[in-house]
Amino acid sequence: MPGSSHLDMKLLAGTRALLAFHTRELPQRDDLCGAFCGALALRAAGVRAQDGETLDQDAVALAAGSVVSRLGDHGILPHGETGRRDYRLALPLIDDANTSGTTAAGLVEAVTELAAGRCEAIPFSGPWTVETLGGLFDRAAALERPVSLVANLATRHLWGSRARVEQLLGYLLDGNQDGPPPDWDVGHFACVIGRLSGPGGSLYGIADTYPSLGRGGLHAQPQERLAAAIERRSMPAGGVIAVVCAEDAASLREGAGALGLLEGTWDNGTVTQATLT
654 MPGSSHLDMK LLAGTRALLA FHTRELPQRD DLCGAFCGAL ALRAAGVRAQ
704 DGETLDQDAV ALAAGSVVSR LGDHGILPHG ETGRRDYRLA LPLIDDANTS
754 GTTAAGLVEA VTELAAGRCE AIPFSGPWTV ETLGGLFDRA AALERPVSLV
804 ANLATRHLWG SRARVEQLLG YLLDGNQDGP PPDWDVGHFA CVIGRLSGPG
854 GSLYGIADTY PSLGRGGLHA QPQERLAAAI ERRSMPAGGV IAVVCAEDAA
904 SLREGAGALG LLEGTWDNGT VTQATLT
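Remember, the working numbering sits 653 above the position in the sequence shown when you count from 1.
The following block contains the structure:
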């Protein structure tokens with residue numbers, strides 16, 4: 654019919670399991686955004702426990718060598734969030750809140766260890782453009798077994814998480830970049846779960862770590878904004894960790910290599926438990 658437009662939606666395999674756990678696990682505990690996302694990726698892959706212990710954000714943080722700021726800083730949280738410090742496990746503390754959290758290398762090691770051979774965590778450090786982001790998503794979306802994409806990004810480059818419907822449609826149909834300003838300005842981890850594409854561009858679905866972001870922690874980001882956020886311009890480096898079933902690791906590596914993506918971790922400015930001793 655005249656004026657109609659076709660939108661194409663793709664969800665990564667395992668997304669429904671990831672979202673079910675996401676709803677129960679929200680919000681992240683202070684400084685554990687990376688561990689929170691690692692736990693989501695493990696749950697998407699069907700990895701729920703190790704030696705009888707539930708693999709939640711605390712378990713991933715402990716395995717990753719995450720460090721927690723001694724005092725919470727409410728000033729760096731999204732509007733409406735008060736922080737969460739009810740840690741289930743004892744995690745090492747640090748005075749400098751600017752270097753607390755989880756390293757990319759630590760998260761890769763934690764997921765690999767806790768998955769016990771069932772899946773692999775493959776880090777890609779870039780280069781990040783609309784094309785490489787889209788190509789990696791396409792290769793992940795083609796897999797029939799569960800796969801998660803954990804993005805280490807800079808929130809300053811994102812749209813605000815509560816874009817109006819007309820703004821989302823204006824982008825999808827016409828490529829209009831006029832979106833809301835960013836909610837906050839930190840280095841952060843979040844999961845990319847799907848993509849909605851139209852004639853004007855593609856919006857990526859984000860499973861975030863706070864319920865105040867978007868609707869219950871879910872929001873959409875234009876491809877240009879997300880690629881820039883993962884590139885983390887003017888901040889320590891970022892990247893994407895693909896968590897795939899072991900049987901699919903080789904094919905995803907090959908596909909990412911064909912895109913020119915480099916495999917390897919990056920320094921996101923966070924310290925680890927090991928560097929404190």
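Every residue gets a Cβ at the ideal spot worked out from N, C-alpha and C, and that includes glycine.
query                                                                                                     : result
C-beta atoms of Val803 and Cys844 nearer than 9 Å                                                         : yes
Distance between Leu825 and Ser778 (C-alpha atoms, nearest Å)                                             : 28 Å
Continuous alpha helix (DSSP H) assignments of at least 4 residues falling wholly in the segment 831–895  : 876–884
Residue(s) in a DSSP beta bridge with Ala774                                                              : Val896
Identity of the residue in Ser658, Arg701, Gly754 and Val700 nearest Gln681 by Cα                         : Gly754
Rounded separation between Pro834 and Ala750 - CA only                                                    : 25 Å
CB contact flag (Ala712, Ala692, <9 Å)                                                                    : yes
Collapsed DSSP secondary structure at Asn829 in the structure displayed                                   : coil
C-beta contact flag for Val761 and Thr925 at 9 Å                                                          : no
Ser904, enclosing alpha helix (DSSP H) - first and last residue                                           : Ala902 to Leu912
Touching by the beta-carbon criterion (3+ pairs, under 8 Å), the segment 767–783 and the segment 886–902  : yes
Inter-residue CB distance, Trp781 and Ile894 (contact presumed, cutoff 8 Å)                               : Not really, about 13 Å apart at Cβ, beyond 8 Å.
As assigned by DSSP and simplified to three states, the class of Asn751                                   : helix
Buried versus exposed call for Ala716 [16 or more other C-beta atoms within 10 Å across all chains shown] : buried
Three-state secondary structure assigned by DSSP to Gly779                                                : strand
DSSP-derived helix/strand/coil call for Thr668                                                            : helix
For Arg886 and Thr765, the rounded distance between their alpha carbons                                   : 28 Å
CA nearest to the CA of Ala880, picked from Leu806, Val896, Leu822 and Asn829                             : Leu806
Selected residue, minimal CA-CA separation from Arg809, among Pro731, Ala673 and Tyr740                   : Pro731
Residues near Gly823 by beta carbon distance below 8 Å, same chain, minus five either side                : Asn829, Asp831 and Gly853
Ala769 (DSSP reduced to helix, strand or coil)                                                            : coil
Boundaries of the alpha helix (DSSP H) in which Ala714 is found, first to last residue                    : Gln710 to Ala717
Beta-carbon spacing of Leu856, Ser850 below 9 Å                                                           : yes
Nearest-angstrom Cα separation, counted from Gly869 out to Leu915                                         : 33 Å
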